[in-house]
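Okay, structure coming up:
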């Protein structure tokens, strides 16, 4: 969901320098910040679930999320059997706790508890190993992805609000237009190619890879936006949270990255680079 | 939930020889059979979810479950990054499909879809690598676990129905008694030690490990029974399904193994044997 133009500008002025510093610093600062955002996103998801009358088990949800985020932080060194172990123990712990909670809608409570973990920490957490990949190779794919998503959002908003008549998916998100979306994708493509051209993505990628990354930020990023709208619509709220003082919540701000980061992560793995 | 004694006997007479043959054969016969049971369990879970008014996305649910079961089948040879990849792609596919389903309770539909995958295929699927571990080491931990769970169930039923006055957890499962549960655990302990004594578990385990395995079948197995009762109670049904012609469904029959197998699997991994 797009907040009005003035709000968006304000967020940009306040947030962008800090955000750039955090990405530039990388390491524990960046990973800790992203982990915190993923956990706040989970908190927002559980709050929306509560509005639907579900009682997620926050204790299990946050504990398992922290383990998953730690797994991402240590992932180059850590066996992934550990990941499956976390998942198995998490679900069994959840099932056992629910026996004793004595709340209505037991299966709903457990289902939402788990789904939140997957929507926020599992997906957004992939931004941690991507930044580590950057450090290992002296490149800035993290910057490229984030700037490209931001360029897509901005171009879509600008072109959409001026020339966007035909709406894409009014049932889910009433404002998004075809013109805006196409402009957004083109902006992603240009941004990503500029990062490539100026050598910020090193020599590991081909121009074909760069096109794939543009699809990831310019198309999947926009789908992530629709998905977040669907989740908010389902809970009957306009914003996922209020942590950004009236400018929405973490899930609102990171909805595109929630979709772009995991697929970029899998694509880099598919190229056998991580 | 325990069906009446005569039904239980009938199932045993028909099913036990076939079941023993499948476990003994191992390989693709056993793994295919367990995978099928895990998928039928998922089908039963989704049917119970439908009774609550939720519309799980069966297409995504079964597809991702098959991938997870294939992962377990190939797990010794397969890179485990694949598992996280399956999970990420599964959840994103689910989110995108839900955009277009246009059904009420979108987040509920997605949450139940995922939870079913974790309750049945993720947990029960661990019985596949355990049997492969058996083959690799010429031992029968699979038999030991299954017979031990069966001995626990039978002893709990026999002692419970004769001498079980004080109930453990009548809110969830009205029949289970303290006497039955203790008898069940003792039966597990004896069974597991007999397998060990007769050399069917080889020389990889200490008597301490055998005690742990007894706790897994004799205590966790019984908890699995309560959990299955909770899930059925939540959906307002008496049995999870009717595939065993009036004797309940797969989730009813495998409820103890759903809890015992994954922890046995993790324990064998913890011992660094898989």
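Protein chains in written order, with the working numbering: chain A, 1067 to 1340; chain B, 1067 to 1340.
A virtual CB, placed ideally from N, CA and C, is assigned to each residue, including glycine.
Spatial distance of residue i from residue j (CA atoms)
{"i": "residue 1336 of chain B", "j": "residue 1147 of chain A", "result": "10 Å"}
{"i": "residue 1159 of chain B", "j": "residue 1264 of chain B", "result": "50 Å"}
{"i": "residue 1331 of chain A", "j": "residue 1196 of chain A", "result": "6 Å"}
{"i": "residue 1248 of chain A", "j": "residue 1285 of chain A", "result": "9 Å"}
{"i": "residue 1119 of chain B", "j": "residue 1208 of chain B", "result": "38 Å"}
{"i": "residue 1170 of chain A", "j": "residue 1300 of chain B", "result": "8 Å"}
{"i": "residue 1134 of chain A", "j": "residue 1293 of chain B", "result": "25 Å"}
{"i": "residue 1324 of chain B", "j": "residue 1187 of chain B", "result": "9 Å"}
{"i": "residue 1111 of chain A", "j": "residue 1189 of chain A", "result": "14 Å"}
{"i": "residue 1184 of chain B", "j": "residue 1126 of chain A", "result": "15 Å"}
{"i": "residue 1237 of chain A", "j": "residue 1242 of chain B", "result": "50 Å"}
{"i": "residue 1079 of chain B", "j": "residue 1306 of chain B", "result": "22 Å"}
{"i": "residue 1129 of chain A", "j": "residue 1152 of chain A", "result": "10 Å"}
{"i": "residue 1215 of chain B", "j": "residue 1093 of chain B", "result": "22 Å"}
{"i": "residue 1113 of chain A", "j": "residue 1132 of chain A", "result": "18 Å"}
{"i": "residue 1274 of chain A", "j": "residue 1168 of chain A", "result": "54 Å"}
{"i": "residue 1138 of chain B", "j": "residue 1145 of chain A", "result": "16 Å"}
{"i": "residue 1156 of chain B", "j": "residue 1124 of chain B", "result": "12 Å"}
{"i": "residue 1270 of chain A", "j": "residue 1262 of chain A", "result": "10 Å"}
{"i": "residue 1067 of chain B", "j": "residue 1230 of chain A", "result": "Per-residue confidence for residue 1067 of chain B stands at a pLDDT of 44, beneath the threshold of 50, marking its modelled position as unreliable; the derived number appears in the next sentence. Using only the alpha carbons, I get a separation of about 59 Å."}
{"i": "residue 1060 of chain A", "j": "residue 1319 of chain A", "result": "Since the first and last residues shown for chain A are 1067 and 1340, residue 1060 of chain A lies out of range."}
{"i": "residue 1091 of chain B", "j": "residue 1235 of chain B", "result": "39 Å"}
{"i": "residue 1082 of chain A", "j": "residue 1232 of chain A", "result": "32 Å"}
{"i": "residue 1220 of chain A", "j": "residue 1102 of chain A", "result": "25 Å"}
{"i": "residue 1255 of chain A", "j": "residue 1276 of chain A", "result": "8 Å"}
{"i": "residue 1321 of chain A", "j": "residue 1272 of chain B", "result": "51 Å"}
{"i": "residue 1304 of chain A", "j": "residue 1109 of chain A", "result": "16 Å"}
{"i": "residue 1201 of chain B", "j": "residue 1224 of chain B", "result": "34 Å"}
{"i": "residue 1228 of chain B", "j": "residue 1140 of chain B", "result": "46 Å"}
{"i": "residue 1098 of chain A", "j": "residue 1334 of chain B", "result": "33 Å"}
{"i": "residue 1136 of chain B", "j": "residue 1136 of chain A", "result": "27 Å"}
{"i": "residue 1298 of chain A", "j": "residue 1298 of chain B", "result": "30 Å"}
Residue i (DSSP reduced to helix, strand or coil)
{"i": "residue 1121 of chain A", "result": "coil"}
{"i": "residue 1233 of chain A", "result": "strand"}
{"i": "residue 1129 of chain B", "result": "helix"}
{"i": "residue 1097 of chain A", "result": "helix"}
{"i": "residue 1141 of chain A", "result": "coil"}
{"i": "residue 1339 of chain A", "result": "coil"}
{"i": "residue 1068 of chain B", "result": "With a pLDDT of only 47 at residue 1068 of chain B, under 50, the local geometry of the prediction cannot be trusted, and no value is derived from it."}
C-beta atoms of residue i and residue j nearer than 8 Å
{"i": "residue 1222 of chain A", "j": "residue 1250 of chain A", "result": "yes"}
{"i": "residue 1107 of chain B", "j": "residue 1317 of chain B", "result": "yes"}
{"i": "residue 1226 of chain A", "j": "residue 1213 of chain A", "result": "no"}
{"i": "residue 1218 of chain A", "j": "residue 1288 of chain A", "result": "yes"}
{"i": "residue 1326 of chain B", "j": "residue 1282 of chain B", "result": "yes"}
{"i": "residue 1206 of chain A", "j": "residue 1266 of chain A", "result": "yes"}
{"i": "residue 1086 of chain B", "j": "residue 1096 of chain B", "result": "no"}
{"i": "residue 1182 of chain B", "j": "residue 1115 of chain B", "result": "yes"}
{"i": "residue 1268 of chain A", "j": "residue 1203 of chain A", "result": "yes"}
{"i": "residue 1162 of chain B", "j": "residue 1328 of chain A", "result": "no"}
{"i": "residue 1100 of chain B", "j": "residue 1193 of chain B", "result": "yes"}
Rounded Cβ spacing between residue i and residue j (contact assumed at less than 8 Å)
{"i": "residue 1339 of chain B", "j": "residue 1149 of chain B", "result": "Going by Cβ atoms, the distance from residue 1339 of chain B to residue 1149 of chain B rounds to 20 Å, so no, they are not a contact pair."}
{"i": "residue 1260 of chain B", "j": "residue 1279 of chain B", "result": "The Cβ separation is near 12 Å, so there is no contact."}
{"i": "residue 1179 of chain A", "j": "residue 1240 of chain A", "result": "No, residue 1179 of chain A and residue 1240 of chain A are not in contact; Cβ-Cβ is about 31 Å, not under 8 Å."}
{"i": "residue 1172 of chain B", "j": "residue 1296 of chain A", "result": "5 Å"}
{"i": "residue 1117 of chain A", "j": "residue 1314 of chain A", "result": "At roughly 16 Å, the Cβ-Cβ gap does not stay under 8 Å, so residue 1117 of chain A and residue 1314 of chain A are not in contact."}
Contacts of residue i in chain E (Cβ-Cβ under 8 Å)
{"i": "residue 1335 of chain B", "result": "Given the protein chain composition of this structure (A and B), no chain E is represented."}
Whole runs of the alpha helix (DSSP H) within the stretch 1265–1336 of chain A, excluding any shorter than 4 residues: 1273–1281, 1287–1301, 1316–1336
Unbroken stretches of the alpha helix (DSSP H), 4 residues or longer, contained in the stretch 1153–1240 of chain B: 1172–1183, 1193–1203, 1207–1229
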